[in-house]
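**Q** Just passing along the structure, written as structure tokens.
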Amino acid sequence: MISRISDLKNHVNEEVTIQGWMYNKRGSGKIYFLQLRDGSGTAQGIVEASSASPKLLEAAEKLTAESSVKVTGQVSQHPRDPSAFELHITDIEIVQLCQDEYPISKKEHGIDFLLDNRHLWLRSAKEWAVQKVRNTIINATYEYLNGEGFTKIDAPILTPNACEGTTELFEIDYFDLGKAYLSQSGQLYLEAVIFSLGRVFDFGPVFRAEKSKTRRHLTEFWMMDAEAAFVEHEENMKIQEELVSFIVKSVLEKNKKELEILERNIEPLTKIEAPFIRKTHAEVVTELREMGSDIKENHDLGGDDETLLTKKYDKPIFVEKYPAEVKAFYMKRDPQDPSRALCNDLLAPEGYGEVIGGSQREDDYDELLKRIREHKLPEDAFKWYLDLRKYGSVPHSGFGFGLERLVAWICGLDHVRSTIPFPRTIYRLTP
Ligand code: 4AD
Ligand code: MG
């Protein structure tokens, strides 16, 4: 019977066949310990010369690291680790024997070497664990938002105009229609769809052409945008903190083993519970200056500012009400102080910084038109977006998270490039 390694616990004392790869081998002559992997988990296979057929022994001897195999054997619980299972091997079918030495070994490799070999590096235990956590974060997002009445919709990737800053666009030739741009965020399209479905979200690849070289930036990454009718700034933040708490809780529940492989200290993650800390941009500027930052009153937070601030607290921090001039054209102004936007960034603790950007949206036709003109955006391209303020406009808000930033934080990784299978940065397009 064929079994997945993750299912071996249900087959103790039975004979099963697992299909996968041998990633490591110990022993010689009398006894071999084969470390096996099949995507669902890892297990140790044992071949003992005293009971093995000559054919089986020969196969065990010649197996090289990363060869693909079908291994048959009797399942038993590991004598010292009850969560692990062993296979007392009775047969090995070699699917493909690696002739060349596998390039990634146990010794330390430089990051460039590993990224050049990303197609192979992804097989390593830590990379496996990161992708499992990423998968949990994706599923938890769907689960939470579906439960809160949000419908998943798909926003286009090819767009005729910018959503965030115009300097960050990837441009392509689009037949006879001129230029098209790769989407930076599905937000504007979600705003149209709330008039049909009320609460919606998208989850897909977005693109930023800014020449950022930091540990927080990719040129292609996955964003989840959520948007809801009749939700205002305060409630928008509530949805964000509940969602993030749910995601972290899900990972703690479902990925114990993965977090262990990643050597992630889970103690800080157990503290991630709503309500999060709330501070205005003005308060944060004062606080940062006291901590030695030279941030100006009307400036956005720099990466270093975010690091500094988020190392100080063990909960995520909402920074609200940024100066409107440093934020996007679509954000509604704070009626208490129109120089501020009704917006928030959510900064993750332990130095991670911004994981979410969100705001209440300008819902008044004339105000929005004024902003579009102030930002020197092409009015024509935004006609459809302005229409939304003409036909049944409502107060509404939304936010977007960067999946890779969440994965980096929750897994405790130092760079977003190791959270996505094939990272795209300004220096890297391969493999
Ligand atoms: O803050 P941003 O630019 O916000 C928007 O795009 C809004 N339209 C979202 C919305 O309101 N629906 O991007 C949202 C998040 C950031 O908080 C960050 O986590 C992530 O996307 N992000 C990046 N992640 C990796 N590489 C980059 N270059 C990123 N730029 C933003
Ligand atoms: Mg942002």
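In my numbering, the protein residues as written are 28 to 458.
Cβ coordinates follow ideal geometry from the N, Cα and C atoms, glycine included.
(1) Compute the Euclidean distance between the alpha carbons of Q214 and M318, then round it to the nearest angstrom.
(2) My guess is that E247 and F234 are in contact by the Cβ rule of under 8 Å, so how many angstroms apart are they, rounded?
(3) Ignore the nearest five residues each way along the sequence and tell me which others in A255's own chain have a CB closer than 6 Å to its CB.
(4) Just to confirm before moving on: does the CB-CB distance between F426 and Q267 stay below 9 Å?
(5) Can you name the residues that DSSP bridges to F112?
(6) Closer than 7 Å between the C-beta and any heavy atom of the ligand MG: which residues qualify, listed along the chain?
(7) To the nearest whole angstrom, what separates the beta carbons of F345 and N325, a pair I think is in contact under 8 Å?
(8) Between the alpha carbons of T91 and E128, how many angstroms are there, rounded?
(9) May I ask you to list the residues that DSSP assigns as paired with P232?
(10) Taking 8 Å as the cut-off, is the CB of V346 close to at least one heavy atom of the ligand 4AD?
(11) Using alpha carbons as the reference points, say which of K238, I180, P458 lies closest to S223.
(12) Is M264 near the ligand 4AD, in the sense that its beta carbon is under 8 Å from a heavy atom of that ligand?
(13) Give the DSSP-derived three-state secondary structure of E377 in the structure shown.
(14) Give the single residue among K342, K57, K348, C125 whose Cα lies nearest to the Cα of T307.
(15) Since Q46 is in the beta strand (DSSP E), which residue starts that stretch and which ends it?
(16) Please look up how many angstroms separate the CB atoms of V74 and S95, rounded, as I've assumed it's under 8 Å.
(17) Just to confirm, is the Cβ distance from S132 to N40 under 9 Å?
(18) Can you check whether the CB of K238 is closer than 9 Å to the CB of I453?
(19) Is D203 helix, strand or coil when you go by DSSP?
(20) Does DSSP classify N173 as helix, strand or coil?
(21) Going by DSSP in three states, R461 sits in which element: helix, strand or coil?
(22) Below 8 Å CB to CB, which residues in the same chain sit around Y392 once its five sequence neighbours on both sides are set aside?
(23) Does DSSP classify A189 as helix, strand or coil?
(24) Confirm the yes/no value for this check: CB of T457, any heavy atom of the ligand 4AD, distance under 8 Å.
(25) Under 8 Å from any heavy atom of the ligand 4AD, does the C-beta of F356 make it?
(26) Does the distance from the C-beta atom of E113 to that of Q71 stay below 9 Å?
(27) I want to check one thing, is the minimum distance from the CB of H462 to the heavy atoms of the ligand 4AD below 8 Å?
(28) Pull up the DSSP beta-bridge partners for K306, would you.
(29) Using CA coordinates, which residue listed in Y216, K36, P422 is at the minimum distance from A182?
(30) Pull up the DSSP beta-bridge partners for Y59, would you.
(31) In the DSSP assignment, find the alpha helix (DSSP H) that holds P183 and state where it starts and stops.
(32) Can you tell me the Cβ-Cβ gap for A301 and S272, rounded? I've got them flagged as a contact below 8 Å.
(33) Of the choices L172, G329, I165, whose alpha-carbon is the least far from that of T241?
(34) Using the three-state DSSP reduction, which class does F197 fall into: helix, strand or coil?
(35) I want to check one thing, is the minimum distance from the CB of D252 to the heavy atoms of the ligand 4AD below 8 Å?
(36) Report the partner residues of M358 according to the DSSP bridge assignment.
**A** By the coordinates alone:
(1) 35 Å
(2) 5 Å
(3) R226
(4) yes
(5) Q104
(6) D372, E381, G384
(7) Between N325 and F345 the Cβ distance is about 20 Å, and since that is not below 8 Å, they are no contact.
(8) Cα to Cα, T91 sits roughly 8 Å from E128.
(9) W249
(10) no
(11) The shortest C-alpha separation from S223 is found at I180.
(12) no
(13) The DSSP-derived three-state label of E377 is coil.
(14) K348
(15) 42 to 55
(16) Not confirmed; about 17 Å, so no contact.
(17) no
(18) yes
(19) helix
(20) For N173, the secondary structure class from DSSP, reduced to helix, strand or coil, is helix.
(21) In the structure displayed, the chain extends from 28 to 458; residue 461 sits before or after that span and is not available.
(22) Cβ within range, chain order: L413, R416, K417, S420.
(23) A189 sits in coil when the DSSP states are folded into three classes, being neither helix nor strand.
(24) It does not: the Cβ of T457 is nowhere closer than 8 Å to a heavy atom of the ligand 4AD.
(25) no
(26) Result yes, Cβ atoms of E113 and Q71 sit closer than 9 Å.
(27) Nothing about residue 462 can be reported from this structure: the residues present for the chain run from 28 to 458 only.
(28) V346, per the DSSP bridge assignment.
(29) Closest option to A182, Cα to Cα, is Y216.
(30) G54, V74
(31) Judged by DSSP secondary structure, P183 falls outside any alpha helix (DSSP H); it is assigned neither H nor E.
(32) 5 Å
(33) T241 has its Cα closest to that of G329, out of L172, G329, I165.
(34) coil
(35) yes
(36) R388
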